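*Asks:* Numbering follows my numbering, with no gaps: position 39 of the sequence shown is 44.
Quick reminder that beta carbons are idealized off the backbone N, C-alpha and C, glycines included.
Since the structure is predicted, the reported quantities are computational estimates derived from the model, not experimental observations.
Input: one structure, supplied below.
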Amino acid sequence: MGLSPRGREVLLQGGVVLGLDLEPHLPAFSRLYQLLMEANRRHNLTALRTEEEVVVKHFLDSLTLLTLPLFEGPVRVLDLGTGAGFPGLPLKIVRPELEVTLLDATQKKVAFVAEAVEALGLKGAYPLWGRAEELAHRPEHREAYARVVARAVASLCVLAEIGLPFAALGGAMVAQKGPRVEEELSRLPQALPLLGGRHQATHTLKLPFAGEVRTLVVLAKESPTPARFPRRPGVPQKHPLC
Ligand code: SAH
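If you want it as structure tokens, here you go:
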């Protein structure tokens, strides 16, 4: 079963709050919802259970990125730690011209994302299985993405180390965080200069319906990241730069 009339209404109204017309995309989101629910019965893919939770906390929360003027035109986006495809899949549905790579370290999650890409007929969406710490050293991925996005993956310090190496010069990384970012932000200046990054902006917004506060932290990629970063898998998390 796809989205109910109530689920569609929540998605549409939430879209309006974010400045988006989601009407043309209802069939895709309905299908994605159905796929998620089916996959969840097989194995735990997402903790969210009710329809409204999925619509608000997965779909709309992912789309809060589109309140920033960073996702227009055919730019390459890396979704680092995409899990079941968030924020990458909603982004790709609403902005089909984006080229979106969906990276995760867990094979079953990447398998689900690949299934969804196929079922939704998305062109220019590339599921990718691996660890960021390893893939960031491959020439085809290094500084190859105009945008790097990550939701609920790691602290800002860790994200900066594993994410900024993927960002092209002049590009940006956007971390989707909850309400409390002050402490993480305050430590960031210790790490960013080492990685070629700069804190550009922090945007605060409220999630439609849920009313919960979300923060979008934008890091600009100003100079190349030295080849020693990211460090080996697990090291950025165990011994964060800041
Ligand atoms: N972004 C999704 C999933 C968040 S859970 C969402 O918001 O719903 C965090 C995900 O990041 C997990 O699926 C985990 O496998 C992945 N992840 C964490 N560290 C990673 C790394 N170093 N490389 C690749 N994936 C990573």
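Could you tell me how far apart the beta carbons of Val15 and Phe214 are, in whole angstroms, since I believe they sit closer than 8 Å?
*Replies:* At roughly 6 Å, the Cβ-Cβ gap stays under 8 Å, so Val15 and Phe214 are in contact.
*Asks:* Excluding sequence positions up to five away, which residues of its chain have a Cβ less than 6 Å from the Cβ of Asp84?
*Replies:* Closer than 6 Å at the Cβ level, and outside the excluded window around Asp84, lie Gly93, Leu107 and Val154.
*Asks:* Go through its chain and collect everything with a Cβ distance to Asn45's Cβ below 8 Å, but skip five positions before and after it.
*Replies:* The answer, listed in chain order, is Thr51.
*Asks:* How many whole angstroms separate the CB atoms of Ser67 and Pro95, which I take to be in contact at a CB cut-off of 8 Å?
*Replies:* With 8 Å as the limit, Ser67 and Pro95 qualify as a contact, their Cβ atoms being about 4 Å apart.
*Asks:* Can you list, in chain order, the residues of its chain whose CB lies under 7 Å from that of Glu209, leaving out five sequence neighbours each side?
*Replies:* The sequence as given places Thr at residue 209; Glu does not occur at that position. Closer than 7 Å at the Cβ level, and outside the excluded window around Thr209, lie Val218 and Thr220.
*Asks:* Take the Cβ of Leu174 as the centre, count every other Cβ of all protein chains shown within 10 Å, and call the residue buried at 16 or more, exposed below.
*Replies:* Result: exposed.
*Asks:* Write down every uninterrupted run of the beta strand (DSSP E) in the region 149 to 200 whose length is 3 residues or greater and which is fully enclosed by it, in chain order.
*Replies:* Those beta strand (DSSP E) runs which fall completely within the region 149 to 200 and span 3+ residues are 150 to 156 and 172 to 182.
*Asks:* Roughly how many angstroms separate the alpha carbons of Gln205 and Ser160, rounded to a whole number?
*Replies:* Spanning the two alpha carbons is a distance of roughly 17 Å.
*Asks:* At what residues does the beta strand (DSSP E) containing Pro132 begin and finish?
*Replies:* Here the beta strand (DSSP E) through Pro132 covers Ala130 to Trp134.
*Asks:* Is the region 70 to 78 touching the region 176 to 188 in the sense that three or more CB pairs, one from each, lie closer than 8 Å?
*Replies:* Contact between the region 176 to 188 and the region 70 to 78 is present, because at least three Cβ pairs lie under 8 Å.
*Asks:* Below 8 Å on the Cβ atoms is my contact criterion, and I expect Leu23 with Leu65 to pass it. Report the Cβ-Cβ distance as a whole number of Å.
*Replies:* With 8 Å as the limit, Leu23 and Leu65 qualify as a contact, their Cβ atoms being about 7 Å apart.
*Asks:* From Arg237 to Tyr131, what distance separates their C-alpha atoms?
*Replies:* So the two alpha carbons sit approximately 24 Å from each other.
*Asks:* So, with DSSP's three-state summary, where would you put Glu43?
*Replies:* The answer is helix: DSSP assigns Glu43 an H, G or I state.
*Asks:* State whether the region 6 to 13 contacts the region 55 to 63, with contact taken as three or more CB pairs (one from each stretch) at a distance under 8 Å.
*Replies:* Touching, per the Cβ criterion.
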